[in-house]
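First comes the structure, then the notes that go with it.
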Amino acid sequence: VLLEKILRSCADVGSIYLIVRGKRGLRGEDRIADILKMQLFQRLRQERPQAFQKIVVLEGDLTLPDLGLKPKDRQLLLDTVNVVIHSAATVKFDEPIKNAVKMNLNGTRRIIELCNEMENIKVFVHVSTCYCNCDRGEIKEEIYPPIQDPDHIIKIVDWLDSETLDSCQSKLLGAMPNTYTFTKGLAETLVQRECKGYPVAIVRPSIVVCSWKEPFPGWVDNFNGPTGLIVAVATGVLKS
């Protein structure tokens, strides 16, 4: 949705670089090609078809050193990018803590390291979640002291095997209900500590539902959250 909105509404954007990992035998470029065929982009195809030429797909992976980027691709980003939007994460509530830390903490740190080297960066936008401080009764627009030190957690995850980590996961999480909210909260601390010399925006979206208005009312690509419940009730699968 964000990609569609930028391409349709921001005519002065030069290029949009997407770092995408391969998955299930598909290259990152193939995955984006499939996404661009979705109904979501129908309006853009009709109104501004030339905008698709601005998309540049770079093969990468948050869990790898230097984001798994080829040296020439990494240099391209360092030389040309002005705005970085970091929205990649594992959003599974039941993700094993080792995987969640690799994606949501180590991955965020690698993105920040890249931003810190960029010559022309104007702003870094980090997509968090409104539930990253769900252990608090009142949440304001500020970064709260972390429940654990993120560097400490990263080291623990590197040292211990998955079985040992799973056995002590509840103790590490403390009052946090799952590894998703836990690691997203710690990622905000990394952003606060390590971003240097440029403006930063942290966005905390709540539950994602269908689109209200753009690109057209009612669009959604999955049955997660309340959408699944609404569909189940509407189709008669779930009865009172």
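When the count follows the numbering used here, it moves up by one through the sequence shown with no breaks and lands on 241 for the last residue.
From the three backbone atoms N, C-alpha and C, an ideal C-beta is built for every residue, glycine too.
Exposure of residue i, with buried meaning 16 or more beta-carbon neighbours within 10 Å
i	result
G61	buried
P151	buried
N105	buried
E46	Residue 46 is actually Arg in this sequence, not Glu. Per the 10 Å Cβ criterion, exposed.
F42	buried
V210	exposed
N107	buried
T165	exposed
F125	buried
V204	exposed
E5	buried
A90	buried
K156	exposed
Bridge partners - residue i, DSSP secondary structure assignment
i	result
A202	V126
K24	L27
M132	The amino acid occupying residue 132 in the given sequence is Tyr; Met does not appear at that position. Bridge partners of Y132: none, in fact.
E60	V21
V85	F125
Check: residue i C-beta below 7 Å from any heavy atom of the ligand SAH
i	result
N179	Looking at this structure, you won't find the ligand SAH or any other ligand, since it has none at all.
Residue j beta carbon less than 8 Å from that of residue i
i	j	result
L55	S16	It is worth fixing the name first, because residue 55 is Lys in this sequence and not Leu. Yes; because the gap between Cβ atoms is below 8 Å, this pair is in contact.
T109	L191	yes
D167	P97	yes
A101	T180	yes
Y18	K123	no
T130	K172	no
I148	A188	no
E120	L79	yes
V21	V57	no
V158	K93	no
I86	E195	no
CB-CB length for residue i against residue j, believed under 8 Å
i	j	result
N134	K197	That belief does not hold up - the Cβ atoms of N134 and K197 are roughly 24 Å apart, past 8 Å.
H127	V201	7 Å
V2	S212	7 Å
I140	Q193	I140 to Q193, Cβ: 16 Å. No contact.
L63	R111	6 Å
P216	R44	4 Å
- prompt: Does the stretch 63-71 come close enough to the stretch 30-48 to have 3 or more Cβ pairs within less than 8 Å?
  reply: no
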